[in-house]
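Numbering (this note's numbering), first residue to last: 91 to 221. We treat Cβ as the ideally placed atom computed from N, Cα and C, and that holds for glycine. The model shown is predicted, which means the values in this text are computed figures rather than measured ones. Below is one structure, written out as structure tokens; the observations come after it.
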Amino acid sequence: MGQRIEPYRVALIVEDDFEVRGLAAALLEETDLKVVETSSAEEALDYLRLHSEDVAFLFADVRLPCLMDGLDLVRTVRLKWPWVRTVLTSGKPLDQQEGDVPRDVRFLQKPWRALEVLMEAERAAQAYRRN
91 MGQRIEPYRV
101 ALIVEDDFEV
111 RGLAAALLEE
121 TDLKVVETSS
131 AEEALDYLRL
141 HSEDVAFLFA
151 DVRLPCLMDG
161 LDLVRTVRLK
171 WPWVRTVLTS
181 GKPLDQQEGD
191 VPRDVRFLQK
201 PWRALEVLME
211 AERAAQAYRR
221 N
């Protein structure tokens, strides 16, 4: 009768720098994931509240505008949506205060390598397919 429609698997990018966000989006568009771009943690949480079941991968910068930074965001995501594979990025090394990144969150210092980002996205897509 009807075909089973697979839900979108989403890569959610959270980056306030327009050029960096665009670069990450262009890179992740080469994967099987649908790319959604946001510029703040609050905007990303709004998206997750509505579409969390579709999100397989979160790629977030540490330093973001507004009240929440990227570290606050990944902590919230790990608690509420633990199936979302999460990568945190920054142009600076994590300092002592930021050192308590959840263990299952990958940190990539900028400039990140495209291959590393693609490998993390592929792992997220594979894990999503299994669930």
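Within the same chain, Thr179 come within 7 Å of Trp202 by CB-CB distance, once the 5 residues on both sides are set aside. DSSP places Asp162 in the helix class (H, G or I) of the three-state scheme. Taking a contact as a CB-CB distance under 8 Å, the pair Val195 and Thr176 counts as one, their CB atoms being some 5 Å apart. For Arg139, the uninterrupted alpha helix (DSSP H) run begins and ends at Ala131 to His141, by DSSP.
Counting the other CB atoms within 10 Å of its CB gives Phe108 a total below 16, which places it among the exposed residues.
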